[in-house]
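Going by the numbering used here, the first residue of the sequence shown is number 4, and it counts up by one from there.
Glycine is no exception: its CB is placed at the ideal position from the N, C-alpha and C atoms.
Every value quoted in this text rests on a predicted model; they were computed, and no experiment measured them.
Here's the structure, in structure tokens; my notes come after.
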Amino acid sequence: MKFQLLLDTCVWLDLAKNPADEPIISALEALVDSGKVALIVPNLVIDEFARNKDRVGVSSRQRLTQEFQKIRNVMLRYGDVITRESVIDSLDEVQHKLPILTDVVCGTINRVERLFEQSSQIEASDEVKLRAAHRALQKKAPFHKSKNSMADAVLIELYADLVKNEAPRIEGAFFITHNIHDFSNPIDNRQPHSDFEEFFDDVNSCYRLNLASALQDIDNEILQEYIAEYEWSDETRALSEILNHIDEFTDKIWFDRHSMRANSIAKGLIKVVPKENYKQNGSEIVDYIWNGALKAAEEVRQKYPDGLGPWSDYEWGMLNGKLSALRWVIGYEWDMLDT
Numbered sequence: 004m005k006f007q008l009l010l011d012t013c014v015w016l017d018l019a020k021n022p023a024d025e026p027i028i029s030a031l032e033a034l035v036d037s038g039k040v041a042l043i044v045p046n047l048v049i050d051e052f053a054r055n056k057d058r059v060g061v062s063s064r065q066r067l068t069q070e071f072q073k074i075r076n077v078m079l080r081y082g083d084v085i086t087r088e089s090v091i092d093s094l095d096e097v098q099h100k101l102p103i104l105t106d107v108v109c110g111t112i113n114r115v116e117r118l119f120e121q122s123s124q125i126e127a128s129d130e131v132k133l134r135a136a137h138r139a140l141q142k143k144a145p146f147h148k149s150k151n152s153m154a155d156a157v158l159i160e161l162y163a164d165l166v167k168n169e170a171p172r173i174e175g176a177f178f179i180t181h182n183i184h185d186f187s188n189p190i191d192n193r194q195p196h197s198d199f200e201e202f203f204d205d206v207n208s209c210y211r212l213n214l215a216s217a218l219q220d221i222d223n224e225i226l227q228e229y230i231a232e233y234e235w236s237d238e239t240r241a242l243s244e245i246l247n248h249i250d251e252f253t254d255k256i257w258f259d260r261h262s263m264r265a266n267s268i269a270k271g272l273i274k275v276v277p278k279e280n281y282k283q284n285g286s287e288i289v290d291y292i293w294n295g296a297l298k299a300a301e302e303v304r305q306k307y308p309d310g311l312g313p314w315s316d317y318e319w320g321m322l323n324g325k326l327s328a329l330r331w332v333i334g335y336e337w338d339m340l341d342t
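This is the structure we're talking about:
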């Protein structure tokens, strides 16, 4: 025995654009994979999702960027000098994560489409369309607000057929929507509109305003497991943390290069000369530049007393690779290894 779920298009779209719903979609995937839940997805839902998915990605990116910029501008204009700097630093950390947050939306869209592929996809029959049209003529919900709600009417009639035809073979059915204006009771949004009451008994057929509520009824343990996992998942590295490591790796690579030059000077391969005698032939270094390098090297020794090599070829490659990767994350080219 399994539960069958029919989700309104708005639920799928809201799932896709809200990164905080990741544990909910993960729990749904697990329940579908285990066979405990079967998704019933009308073709009209698939088509509507396809028409709107790009807009969801773009609007999510724009919304996050605009909200961030709005807060930043308010702080720059009205924030007091004492707290402004720390708040702006925190906002810069958020800005660093914005591309990752919007990429999550694209990933969730792909996950939704994979769930569609695993679902039972159904087409509205002529009988279903006729019943939907009859609702329009009688001004019954979802046509009670004087607007064209044919797609919503077809959706609820498809669900009515599901309940009628599958009831003996399933443990329960859920109709899930965020569209309270067309489907909910105006007095209590948690209940279906009175024109749909015959389709729901809240035991074998349930009306829900969010997917999490339905999954909680079906298997609360697995839902809470994914919520806990999401809460403890690795966070994106803070920009300040990345910059600190870039500084560290830059210092260590510079120090290694400095040490090789010091070794060449000790062997007489490179000469320290006054500026007026300097020749750009690769075998000389100006004395005041070398003195400055010696001072900088001592500062690096004080900063990293136990982490300055010598490096094996593997360790040297890892050090340069880490610096290259972190610089790439903040916008440099891959081969930018200047120190």
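Through-space distance from residue j to residue i, alpha-carbon basis
{"i": "residue 258", "j": "residue 333", "result": "23 angstroms"}
{"i": "residue 316", "j": "residue 262", "result": "16 angstroms"}
{"i": "residue 318", "j": "residue 254", "result": "15 angstroms"}
{"i": "residue 123", "j": "residue 115", "result": "14 angstroms"}
{"i": "residue 23", "j": "residue 230", "result": "10 angstroms"}
{"i": "residue 127", "j": "residue 234", "result": "40 angstroms"}
{"i": "residue 269", "j": "residue 302", "result": "21 angstroms"}
{"i": "residue 25", "j": "residue 204", "result": "30 angstroms"}
{"i": "residue 141", "j": "residue 134", "result": "11 angstroms"}
{"i": "residue 145", "j": "residue 152", "result": "6 angstroms"}
{"i": "residue 32", "j": "residue 260", "result": "52 angstroms"}
{"i": "residue 216", "j": "residue 335", "result": "45 angstroms"}
{"i": "residue 264", "j": "residue 227", "result": "59 angstroms"}
{"i": "residue 91", "j": "residue 79", "result": "8 angstroms"}
{"i": "residue 289", "j": "residue 278", "result": "5 angstroms"}
{"i": "residue 48", "j": "residue 207", "result": "23 angstroms"}
{"i": "residue 149", "j": "residue 155", "result": "13 angstroms"}
{"i": "residue 291", "j": "residue 297", "result": "10 angstroms"}
{"i": "residue 147", "j": "residue 138", "result": "9 angstroms"}
Integer Cβ distance of residue i from residue j, believed to fall under 8 angstroms
{"i": "residue 218", "j": "residue 30", "result": "5 angstroms"}
{"i": "residue 222", "j": "residue 39", "result": "7 angstroms"}
{"i": "residue 73", "j": "residue 19", "result": "Going by Cβ atoms, the distance from residue 73 to residue 19 rounds to 24 angstroms, so no, they are not a contact pair."}
{"i": "residue 119", "j": "residue 35", "result": "Not confirmed; about 11 angstroms, so no contact."}
{"i": "residue 249", "j": "residue 326", "result": "7 angstroms"}
{"i": "residue 179", "j": "residue 8", "result": "6 angstroms"}
Cross-strand partners of residue i (DSSP beta bridge)
{"i": "residue 211", "result": "179"}
{"i": "residue 265", "result": "DSSP lists no partner for residue 265."}
{"i": "residue 277", "result": "The partner list for residue 277 (beta bridge, DSSP) is empty, contrary to what the question assumes."}
{"i": "residue 40", "result": "6"}
{"i": "residue 125", "result": "45"}
{"i": "residue 288", "result": "275"}
Own chain partners of residue i with C-beta closer than 7 angstroms, once the 5 adjacent residues on each side are dropped
{"i": "residue 287", "result": "273, 274, 276 and 281"}
{"i": "residue 344", "result": "Given that the chain is displayed from residue 4 to residue 342, the structure contains no residue 344 and the question cannot be resolved."}
{"i": "residue 193", "result": "212"}
{"i": "residue 174", "result": "4, 5 and 6"}
{"i": "residue 188", "result": "194, 195, 196 and 197"}
Residues near residue i by beta carbon distance below 6 angstroms, same chain, minus five either side
{"i": "residue 51", "result": "12"}
{"i": "residue 195", "result": "203 and 210"}
{"i": "residue 372", "result": "This structure does not reach residue 372, given that the chain is present from 4 up to 342, and the question cannot be answered."}
Spatial neighbours of residue i in its chain, beta-carbon cut-off 8 angstroms, leaving aside the 5 residues before and after
{"i": "residue 181", "result": "11, 13, 14, 17, 212 and 213"}
Chain B within 8 angstroms of residue i, Cβ atoms only
{"i": "residue 305", "result": "The question asks about chain B, but that chain is absent: this structure has only one protein chain."}
Residue i beta carbon near the ligand NAD (any heavy atom closer than 7 angstroms)
{"i": "residue 215", "result": "Looking at this structure, you won't find the ligand NAD or any other ligand, since it has none at all."}
Whole runs of the beta strand (DSSP E) within the segment 128–209, excluding any shorter than 3 residues: 175–179
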